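Presented below is the structure to which this report refers.
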Amino acid sequence: MAIMEIRKAGDKVLKQIAEPVEKIDRKIKHLLDDMAETMYAADGVGLAAPQVGVSLQIVVIDVGEGIIELINPRIIASEGCELGSEGCLSVPGIYGDVERCATVTVEALNRAGKKIQISGSGLLARALQHEIDHLNGILFIELAKSMHKG
Ligand code: ZN
Numbered sequence: 030m031a032i033m034e035i036r037k038a039g040d041k042v043l044k045q046i047a048e049p050v051e052k053i054d055r056k057i058k059h060l061l062d063d064m065a066e067t068m069y070a071a072d073g074v075g076l077a078a079p080q081v082g083v084s085l086q087i088v089v090i091d092v093g094e095g096i097i098e099l100i101n102p103r104i105i106a107s108e109g110c111e112l113g114s115e116g117c118l119s120v121p122g123i124y125g126d127v128e129r130c131a132t133v134t135v136e137a138l139n140r141a142g143k144k145i146q147i148s149g150s151g152l153l154a155r156a157l158q159h160e161i162d163h164l165n166g167i168l169f170i171e172l173a174k175s176m177h178k179g
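Numbers 30 to 179, taken from my numbering, label the letters of the sequence shown in order.
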């Protein structure tokens, strides 16, 4: 495994629409491992592939309940609305209040290529929406109602 360089706001790859993964081969599994290691090393709760310079629809999340790996994720249901503080490894030192759905259900593939569904609320719902935004070239600073340095 290896720690990858985290791209910062202003890098073009963060504005691209990420491509779906067509085939979950050894390279993709290796990328999932490297993304997890990079996320943990940076003390983050989520990381999307574009943040390590790879424009593919891959996300890793760990809000303290173990690693969640999502390939080609999409939100299939959402409920409620809440404002909460957010940060991003690609925008170091900046925090902002972002309105997110309170609960979301995401459908994705796991590393075995099996279709999975994950429902989350609170921090997990926020992380899911934040990371999926990365796959659509959206940074939280574009959505924040207010921002502050942390
Ligand atoms: Zn982010």
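All residues carry an ideal CB built from backbone N, CA and C; glycine is no exception.
These numbers were taken from a predicted model, which means no experiment stands behind them.
At least one heavy atom of the ligand ZN lies closer than 7 Å to the C-beta of L118. Assignment of I170 by DSSP, reduced to helix, strand and coil, places it in the helix class.
For Q158, the uninterrupted alpha helix (DSSP H) run begins and ends at 151-164, by DSSP. The closest CA to that of G95, considering only L153, I161, Q158, G179, is found on L153. The stretch 52-62 makes contact with the stretch 136-150: 3 or more CB pairs, one atom from each, lie closer than 8 Å. The alpha-carbon separation between G179 and C117 amounts to approximately 12 Å. By a beta-carbon distance limit of 8 Å, V127 contacts E115. Their separation comes to about 5 Å.
For I123, the uninterrupted beta strand (DSSP E) run begins and ends at 123-129, by DSSP.
Of D63, A77, A47, I104, the smallest CA-CA separation from I147 is found for I104. Proximity of the beta carbon of H59 to the ligand ZN is not indicated: no heavy atom of the ligand is located closer than 7 Å. Relative to the non-hydrogen atoms of the ligand ZN, the Cβ of H163 comes within a distance shorter than 7 Å of at least one. Residue environment: S175 is assigned as exposed (fewer than 16 neighbouring CB atoms within 10 Å of its CB, all protein chains considered).
Distance between V81 and A70, taken at the CA atoms: about 13 Å. Residue state for L118 is assigned as coil, using DSSP reduced to three classes.
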